[in-house]
Amino acid sequence: MPSTHLLRHSLSKIKHFTNIAFLFTRSDLKTVVLPVTVFSAVSKMNSATYSHQYMGMSILWTWIHLLHFCISNQVSSITEDAANKPWRPIPSGRITPSQASMIQWLLGPFCVFISLYWNVSYASTALLLATWMYNDCGLHDHWLGKSSLTSIGYMSFNLGAAMISNSEKSGDTAFHTTKSFLVMGLVILTTAHAGDFSDIVGDQRMKRQTLPLTYPKMARVSLAVSLSLWSIYGWYYYGGRSNLWLFFPLFGIILAWRFWAFRFPRDDQTSANMYQMWLAVMHLLLACSKN
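Numbering (our numbering), first residue to last: 2 to 292.
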């Protein structure tokens, strides 16, 4: 029947688009959506206005903004993705660069629209501006621009997601939560280059000035020191110096040592994966804090 055929065709199109959208964000789900969701869920779980409905909206808001960023980023790095991540939508031929760009520019106003409804338009605006500066202006090619904009991005993600999960349409946030946003921003600013060591070959090909390429020794020293100090700080001030959280500074120090001692590409990739775990736990510590 024609109606059945139309339904199957529509479902096939929806499945195709959903798969493409997932592939755009696949690499960043554990680095952005996971830690941001942990932060927003735990920091607001004891709130009187917390509900699973708001949590779902918070995750959706985070993912849509992440999708916008990923499309913008991958449109500008097609050659690099073809060599390193050929499964991504553009190099695999699932979507053309012009089609991806069109979706990106349609997503921008949509991000603003849903953010206006939840009264988190400033978080969305900060994310959209950071995305534009990071990708379109090419500031991600230099270590200072990349670290600074990544820090702003995480703070904006955390702020918007946390407010939506608590349905804080008034725009107010508790002092300890605001302090946590700022601390997390500093954590990202000083440790974001942890993921650049495993991408040295690709960054070299694209002639980027990342910290590991520009200052190889200083990059590892600064990361080792930052990971160690932030781990101790997180346990001492946010973990209440509890034995329950004692694993965190130990894990951080071991991770810092790994980045310094093991320098082959495979080792750096393993360390980068461990850093993602460390970052998620740091988000959890800050979310649990009442300081």
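In this text, a Cβ means the ideal position worked out from N, Cα and C, and glycines have one as well.
Keep in mind that this is a model prediction, so the values were computed, not measured.
For Trp261, the CB contacts under 6 Å within the same chain, skipping 5 residues up- and downstream, are Arg221 and Ala225 in chain order.
When Ser166, Ser223 and Ala131 are compared, the shortest CA-CA separation from Tyr155 is found for Ala131. With respect to Tyr55, Ser232 sits apart: the two C-beta atoms are not nearer than 8 Å. Residues Pro213 and Asp269 of the same chain have their beta carbon placed closer than 6 Å to that of Phe198, with the five preceding and five following residues left out of the count. Non-local beta-carbon contacts of Leu35 in its own chain, meaning distances under 7 Å to residues more than five positions away in sequence, involve Ala281 in chain order. For Val202, the enclosing alpha helix (DSSP H) begins and ends at Ile201 to Arg206. Within the same chain, Cβ atoms closer than 7 Å to the Cβ of Gln277 are found at Lys31 and Thr32, the five residues on either side in sequence being excluded. Excluding its 5 nearest sequence neighbours in each direction, Ile254 has C-beta neighbours in its own chain below 7 Å: Ser229 and Ser232, listed in chain order. Ser272 is not a Cβ neighbour of Phe265, given a cutoff of 8 Å. Listed in chain order, the alpha helix (DSSP H) runs fully inside the stretch 110 to 141 are 122 to 132, counting runs of at least 4 residues.
In this structure, Ala84 is the residue among Ala84, Phe25 and Ser227 with its C-alpha nearest to the C-alpha of Val202. Taking the C-beta atoms as reference points, Phe18 is found no nearer than 8 Å to Ala288. Runs of alpha helix (DSSP H) with 4 or more residues, each lying fully within the stretch 229 to 268, are found at 248 to 262, listed in chain order.
DSSP places Leu212 inside the alpha helix (DSSP H), whose first and last residues are Leu212 to Thr215.
Contact between Ala162 and Thr63 holds: CB atoms are separated by about 5 Å, below the 8 Å threshold. Separation of the CB atoms of Arg95 and Ile21 is rounded to 5 Å, and the pair is thereby assigned contact status at 8 Å. Ile79: member of the alpha helix (DSSP H) spanning Ile79 to Asn85, first to last residue. Per DSSP, Lys31 lies in no alpha helix (DSSP H) and is assigned neither H nor E.
Comparing alpha carbon positions, the residue from Gln100, His194, Phe248 and Gly235 closest to Lys218 is His194.
When the alpha-carbon of Asn74 is set against those of Ser44, Lys147, Val113 and Thr191, the nearest one is in Lys147.
Contact check for Ile189 against Thr215 fails: the beta carbons are separated by 8 Å or more. Counting along the chain, Ala162 sits inside the alpha helix (DSSP H) bounded by residues Trp144 to Ser166. In the same chain as Leu256, and ignoring 5 residues on each side of it, the C-beta atoms closer than 7 Å to its own belong to Leu228, Ser272, Met275, Tyr276 and Trp279, in chain order.
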